[in-house]
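Chains A and B are the protein sequences, given in the same order. In this text, residue positions in the first sequence follow the numbering used here: the first is -13, and each later residue adds one. In this text, residue positions in the second sequence follow the numbering used here: the first is 950, and each later residue adds one. I have placed the structure first, in the form of structure tokens, so that the comments after it can refer back to it.
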Amino acid sequence: MKIPDVLETLRHLPFVKNFEPDQIEKLAVLAHEGRFERDQIIFREGDASSFFYLIVSGKVALEVTALGRTLRVQTLGDGEALGWSSLLVSEGKHFQARALTAVRALVFDGARLREACEQDPAFGYRLMRAVFEVLAQRLQAMRIQLLDLYSPASARA
Amino acid sequence: MLPQASRVIAVERETRDTFTFTVAAPGGGSGFAPGQFSMLSVFGVGEAPISISGDPGEPDRLVYTVRSVGPVTQALVTRRPGEWIGVRGPFGASWPLAALRGKDILIVAGGIGLAPLRPAVYYVLRRRGDYGRLVLLYGARSPQDMLYRKQLSAWSYLPDTQILTTVDYGGLSWRGHVGVVTTLFRYARFDAQRTAALVCGPEVMMRFVLRELETRGMALSDVYVSMERNMKCAVGFCGHCQLGPHFVCKDGPVFPAARVKRLMERYEL
Ligand SMILES: Cc1cc2nc3c(=O)[nH]c(=O)nc-3n(C[C@H](O)[C@H](O)[C@H](O)COP(=O)(O)OP(=O)(O)OC[C@H]3O[C@@H](n4cnc5c(N)ncnc54)[C@H](O)[C@@H]3O)c2cc1C
Ligand code: FES
């Protein structure tokens, strides 16, 4: 995928909705296209986290393995971000990610993203804010999930 | 109003603890409106309010989906075809579907909350030309806890109909959506300006759904919720089901969301 195509794809993703045009271009230069087949593992829990992904199309499941059984705890779809821990230094992946359908994504090397943030703090702020929004939504969703929403008994407790 | 003896015609297992059973409507049936409930009793055990979950177009039979949580519901789910239960009702305010003609209908249900909404789906499907899009968002704890799975799948092929389901946790064989019901909104296609929403589930879930609907630009005046409170008389005498100034049995269980939002239990996160 050429840079103008990446740019065109990137522009349509909600992740960059608050980015300035030149910041989107900067991000586009750092991206390459990734394709994953149905059932392919994109990364495993504990992997040294190097890549950040924006899903262009397809569906990805986040999975955890506990007590010998794998549980799907969240699914992500078109336009959603995956692998945010790559933006932190020395963090392993917290979940396993598996493509549930054929997936097309924009892939970013976490180290290069961090470097770009250091060099251009305005860009870094924009990027971190977008990631922060994703994290806030995930955290909220997780908290609601912990409430066991569909059980009236637990809600009454 | 005394319970009338009604014969169980069919019992179907939905999940580990939930069964759908059909009884012959007492006296051939006087009809019911989507969202209404009956008081069901088992002799010697007690009585509980249970929503009617069947098709209002088939008034000779009453269908109930019951989750076994205590003495009455446990006794109900162990009835077998040919046995008898007591039925009072139907009671309560229904989903105001006739007044919502011309609108898109968005249904949001959690867990057993799909039961009182299923008659609304039947109602809309029988009058398909009177309504715009039909969007149903349904969340359950796990794939094994989902009600009416075959039916949901069949409905998803109907024109102008979008059925989205999600679970909190799925095993490897579940290829559908995982996340709480509010995470389905980003995939739902509806125009907030011409949509009415019907919501039922535990109160904590409904509170999050109302918040999400408002974020998506919906006015609470276009949103209806079904509330649960313990009941005894079911006809507005005893006060058991009080919710602020309202009696759930008589003024509800379906209420305009704007009227009860502040009375819903609060959960701080
Ligand atoms: C308008 C209305 C419609 C209803 N429709 C349905 C329906 O279609 N299907 C259905 O299964 N139930 C429905 N209910 C809920 C049902 O009436 C209650 O669960 C009832 O209390 C059950 O009586 P019980 O004797 O079996 O259990 P109880 O002895 O009343 O309760 C036993 C234990 O379970 C807890 N509990 C009570 N209710 C629930 C619940 N709903 N889920 C989980 N735990 C609970 C109680 O806190 C208690 O600890 C409805 C309630 C109302 C008000
Ligand atoms: S149950 Fe008696 S007033 Fe509602």
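Idealized CB from N, CA, C, for every residue including glycine.
At the C-beta level, Cys1198/B and Gly1041/B come within 8 Å of one another. When C-beta atoms of the stretch 1179 to 1197 of chain B are compared with those of the stretch 1017 to 1032 of chain B, fewer than three pairs fall below 8 Å, so the two segments do not count as touching. Where Ser1102/B is concerned, the enclosing alpha helix (DSSP H) starts and stops at Arg1098 to Trp1104.
Here Arg1165/B has Phe1134 and Ala1141 as same chain residues with Cβ atoms under 8 Å from its own Cβ, once five neighbours each way along the sequence are excluded. Proximity of chain B to Thr51/A at the Cβ level (cut-off 8 Å) is not reached, the minimal Cβ distance being about 10 Å. The Cβ of Ala1207/B sits no closer than 8 Å to any Cβ of chain A. Not flagged as an interface residue toward chain B: Val75/A, since no C-beta distance is shorter than 8 Å. The beta-carbon distance between Asp1009/B and Gly978/B, rounded to whole angstroms, is 5 Å. This is short enough to meet the 8 Å contact definition. Cβ-Cβ distances below 6 Å link Leu57/A to Val50 in the same chain, with the five nearest sequence neighbours on each side left out; the list follows chain order.
Looking from the CA of Pro7/A, the closest CA among His80/A, Phe37/A and Ala108/A belongs to Ala108/A. Rounded to whole angstroms, the separation of the alpha carbons of Gln953/B and His1126/B is 43 Å.
For Ser990/B, the closest alpha carbon among the candidates Leu1049/B, Tyr1072/B and Arg956/B is that of Arg956/B. Residue pairing of Ser1175/B in beta bridges, as defined by DSSP: Val1203/B.
Contact with chain B is absent for Leu121/A, since none of that chain's Cβ atoms lies less than 8 Å from the residue's Cβ.
For the stretch 1124 to 1139 of chain B, the set of residues with a beta-carbon nearer than 9 Å to any beta-carbon of chain A comprises Arg1124, Gly1125, His1126, Val1127, Gly1128, Val1129, Val1130, Thr1131, Thr1132, Arg1135 and Tyr1136, in chain order.
In chain B, no part has a C-beta under 9 Å from the C-beta of Tyr111/A; the shortest such distance is about 25 Å. Each residue's CA atom was taken as its position, placing Pro1039/B and Gly993/B some 22 Å apart.
Per the C-alpha coordinates, the member of Gly1128/B, Glu1163/B, Phe1157/B and Leu1162/B positioned closest to Met1213/B is Phe1157/B. In this structure, Tyr136/A has its beta carbon at no less than 7 Å from each heavy atom of ligand 1. Only Gly1150, Pro1151, Glu1152, Val1153, Met1154 and Phe1157 from the stretch 1140 to 1160 of chain B bring a Cβ to less than 9 Å from some Cβ of chain A. Residues of chain B whose Cβ lies closer than 9 Å to the Cβ of Leu40/A do not exist; the shortest such Cβ separation is about 15 Å. Distances between the C-beta of Val1197/B and the heavy atoms of ligand 1 include at least one below 7 Å. Within the same chain, Cβ atoms closer than 7 Å to the Cβ of Ala14/A are found at Ile(-11), Val(-8), Leu(-7) and Leu(-4), the five residues on either side in sequence being excluded.
For Arg90/A, the secondary structure class from DSSP, reduced to helix, strand or coil, is strand.
The straight-line gap separating the alpha-carbon atoms of Val1057/B and Phe1/A is approximately 27 Å. Within a 10 Å sphere around the beta-carbon of Val75/A sit fewer than 16 other beta-carbons, which makes this residue exposed.
Taken from the Cβ of Tyr1071/B, every heavy atom of ligand 1 lies 7 Å or farther away. Around the C-beta of Tyr1013/B, 16 or more other C-beta atoms lie within 10 Å, and the residue is accordingly described as buried. Buried is the label assigned to Ile1001/B, since at least 16 other Cβ atoms lie within 10 Å of its Cβ. Your pair Val1153/B and Leu133/A checks out as a contact, with CB atoms roughly 6 Å apart and the cut at 8 Å.
Within the DSSP bridge table, the entry for Pro1045/B names no partner. Comparing alpha carbon positions, the residue from Tyr1136/B, Arg1077/B, Leu1147/B and Arg962/B closest to Leu1169/B is Leu1147/B. Distance from the C-beta of Ala1183/B to the nearest heavy atom of ligand 2 is below 7 Å.
Between the alpha carbons of Leu1121/B and Leu121/A lies a gap of roughly 25 Å. Under the three-state reduction of DSSP, Tyr136/A is assigned to coil, being neither helix nor strand. Bounds of the beta strand (DSSP E) holding Arg1037/B are Trp1033 to Phe1040.
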